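All the letters of the sequence shown, read from the start, carry residue numbers 1 to 650 under full-length UniProt numbering. Quick notes on the structure that follows.
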Amino acid sequence: MTSVRPAPAPATLAEPPGPGSRTTTQRRLGRDWRLAALFLAPTALLVGALVLVPIARSVITSLTERHGSQSVFVGLDNYTALAGDAQFHTGVVNSFVFTAYAEVFKVILGLGAALLLHHRRRGRAVLAGLLLLPWVVPTVVTAFSWRSLLDPIFGSVNTLLTGSGIGPLLASLHLVDEWPAGWLSDPALAMPSVILVNVWKGVPFFTIAFLAGLKSIPADRHEAATVDGATPWQRFLHVTLPGLRHVITVTVTLSSIWTFNNFDLIWLLTQGGPGDATTPYVLVAYSKAILQLQYGAGAAVTLVMLPVIGAVVYFLVRKLRQEEDTEPSRPPGPTRKALPWILAAVVTGLLAWASPHIFWKAAVVLLLGAAVVRLVSLLPKGIGSALGLAGLLLFVLAPLYWIFVTAFKSENQIVIRDHDLWPTPWTLQQFGDLFTTKPFGQWYVNTLVVSAASTLVALVCAALAGYALARLKFRGAQSFTVTVLLTYVMPGALLFIPLYQLLIGFRLTDSLWSLIVTYPTFTLPFATWLLTGYFSSIPVELEEAALVDGCTRLQALRRVVLPLARPGLLAVGMFTLTNAWNEFLFALVFITKDDYKTLPVGMQSMIVGDVVPQGQLAAASLLVSIPVVIMYAFGQRYLTEGLTAGAVKG
1 MTSVRPAPAP
11 ATLAEPPGPG
21 SRTTTQRRLG
31 RDWRLAALFL
41 APTALLVGAL
51 VLVPIARSVI
61 TSLTERHGSQ
71 SVFVGLDNYT
81 ALAGDAQFHT
91 GVVNSFVFTA
101 YAEVFKVILG
111 LGAALLLHHR
121 RRGRAVLAGL
131 LLLPWVVPTV
141 VTAFSWRSLL
151 DPIFGSVNTL
161 LTGSGIGPLL
171 ASLHLVDEWP
181 AGWLSDPALA
191 MPSVILVNVW
201 KGVPFFTIAF
211 LAGLKSIPAD
221 RHEAATVDGA
231 TPWQRFLHVT
241 LPGLRHVITV
251 TVTLSSIWTF
261 NNFDLIWLLT
271 QGGPGDATTP
281 YVLVAYSKAI
291 LQLQYGAGAA
301 VTLVMLPVIG
311 AVVYFLVRKL
321 RQEEDTEPSR
331 PPGPTRKALP
341 WILAAVVTGL
351 LAWASPHIFW
361 KAAVVLLLGA
371 AVVRLVSLLP
381 KGIGSALGLA
391 GLLLFVLAPL
401 YWIFVTAFKS
411 ENQIVIRDHD
421 LWPTPWTLQQ
431 FGDLFTTKPF
441 GQWYVNTLVV
451 SAASTLVALV
461 CAALAGYALA
471 RLKFRGAQSF
481 TVTVLLTYVM
491 PGALLFIPLY
501 QLLIGFRLTD
511 SLWSLIVTYP
521 TFTLPFATWL
531 LTGYFSSIPV
541 ELEEAALVDG
551 CTRLQALRRV
561 VLPLARPGLL
571 AVGMFTLTNA
581 WNEFLFALVF
591 ITKDDYKTLP
601 VGMQSMIVGD
611 VVPQGQLAAA
621 SLLVSIPVVI
631 MYAFGQRYLT
641 EGLTAGAVKG
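Next up, the structure:
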């Protein structure tokens, strides 16, 4: 997802002067309260029914315990039981470790990639599009490709590292316990491997956000620093980083919430194994509620983490409001200046305590990376930049290239590892087997229907609500905006249990309606937030001119505002469609019949035990990714414009 900025106060359109121009109700509720109520009603209804009510119901469920077919009130027993639940403790620690390491490396790599692209004049759009691919491809494709590459016997990672001599060197440095390494099967390597995959998928998001932030830093600041004799490193520390402070804060905060509540990537890679080595707290909740049918215990697991998420959201809202405040603030005192360093020291200490076997390995990797960057910086500027981009593209594109070539191999080539990097001959065997042995076509149609329907709902409701929050004047606009932000960052882990119970009550499970109805929980709040910012960036004078010419407010919206907001609408459409196309947790919980499965869940079901049809999964991954890649290839310009004007603030 994306970093966001606070929506500016609604622009005030001209109104007829005179003391009697407003009624008593208008003075109390705001001049545009009737139209605002009409525009906000669909979003308020969906958010209330699909987010706020399920959260309230989850609180009630957490106070019960299932006895046969009955639920018995047990008070706080489910919460007190967590104090002695070793699996829950492990899940929380794993979620913290997974999030902290992933965010550190995503920030470093994302900032490096953004700086390389920002200073490049030629081919920047093409390179940005290539770097965007890991974020674009569905999570199930990401998990499958890396799971195959990291396979200790058939995976290409061990083969390449052995051939280059790097693998034995890693063993001699004790970065791995033995060689060849079991990346996902070794308890000491499983978590670092899962973190690596999350970093690979998350770096493009940070790169896009940082690129937009770099564009907003005035060039004269760098010029003034250069005139004053500042070195490139000093300009980076004293100009670039302060200019990116808001983007870094909001991006890391939002990404931390999503990473901490990650389920699909870990489930698809390791299912929490080996043992509990990679089990996050979300998987603990899933296991208790869905597999063991103890809804109360599962709800307690998700709700007990709500104060942590709430504290992070409170911090985010405060940062957004500080950015919105245009009044000059007092210079930060010594305590405020030291606070980030204290926080960094606390997190570092916790990581060293929680994962000593990962901590020193991560430190070695960071030191080696710093040494490589230093060596590259000594080269001529053009050569160093080219080497950095080449290494970045190799890291980004290698897994995707492996998927592409595997999809066109015969079964014999895959088994005997013949012509590993180039199929000889090229064949469509895997595509034919995929459609003849699996209901892949039905999964594809299901995904298209669900994604298109949920995107349409999100676009219509968000356009109305975003316009109301950006333009109309009514009491409660700020509260509604904050509520949208809160629901925007609420994790799916908090909602899937009460939504599952709700769907069972309405007998909507095992139907496409269960997904169409519930997907707005994570698409609509984001769409509303982004469009609110985008509508606010459109000059209000254009709309005033239309009103003066005799247009009604609805006509001005349709004929003036919406055409000008096309980049924002396209950006929202791309994001919501991609999220619906990739969604895994709700589809896994709500759908069990093959006829109604979507592509991510259907592809995961193709793996039975240790039998992994690599060729068919590669072919399926290619077919799943092509529509999204094409959409982003043609809409990248609108995506960047929509983010810059509507969501990202430097």
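No residue lacks a Cβ here, since even glycine has one placed at the ideal position from N, Cα and C. Quick caveat: nothing in here was measured; it's all calculated off a predicted structure.
A distance below 7 Å separates the beta carbons of A458 and T523.
Residue burial is scored here from C-beta neighbours: S536 has at least 16 other C-beta atoms within 10 angstroms and is therefore classed as buried. Between the C-alpha atoms of G84 and D77 there is a straight-line separation of about 12 Å. With a cutoff of 7 Å on beta-carbon distance, T270 and M191 are scored as not near each other. Under the three-state reduction of DSSP, F96 is assigned to helix. With a beta-carbon spacing of about 7 Å, V107 and I248 fall inside the 8 Å limit used to define contacts. With a cutoff of 7 Å on beta-carbon distance, L400 and L117 are scored as not near each other. According to DSSP, Q234 shares a beta bridge with no other residue. Scanning its chain for C-beta atoms nearer than 7 Å, with the 5 sequence neighbours on each side dropped, one finds around F210 the residues G110, L111, A114, L244, V247, in chain order. The continuous beta strand (DSSP E) containing R66 extends over residues 64–67.
Non-local beta-carbon contacts of F431 in its own chain, meaning distances under 8 Å to residues more than five positions away in sequence, involve A407, A619, L623 in chain order. With fewer than 16 other Cβ atoms inside 10 Å of its own Cβ, N412 counts as exposed.
For V611, the secondary structure class from DSSP, reduced to helix, strand or coil, is strand.
Around the beta carbon of I358, 16 or more other beta carbons sit within 10 angstroms, so the residue counts as buried. F260 sits in a helix when the DSSP states are folded into three classes. The C-beta distance from P180 to G167 rounds to 7 Å, short enough to meet the 8 Å contact threshold.
Scanning its chain for C-beta atoms nearer than 7 Å, with the 5 sequence neighbours on each side dropped, one finds around V601 the residues F584, A587, L588, I591, in chain order.
By the C-beta criterion, the region 91–101 is judged to be in contact with the region 350–364, since at least 3 inter-stretch pairs fall below 8 Å. For a cut-off of 8 Å, the C-beta gap from N582 to T139 is around 5 Å, short enough to register as a contact.
Between the region 539–557 and the region 415–423 there are fewer than three inter-stretch CB-CB distances shorter than 8 Å, so the stretches are not counted as touching. DSSP, read as helix, strand or coil, puts S71 in strand. Distance from L63 to G296 at the Cβ level is roughly 7 Å; contact confirmed, criterion being Cβ atoms closer than 8 Å.
W513 has its alpha-carbon roughly 27 Å from the corresponding atom of A37. Contact annotation: the region 464–473 touches the region 36–54, with at least three C-beta pairs closer than 8 Å. Of the other Cβ atoms in all chains shown, 16 or more fall within 10 Å of the Cβ of T598; this residue is therefore buried. Along the length of the region 407–435, whole alpha helix (DSSP H) runs at least 4 residues long occupy 411–416, reported in chain order.
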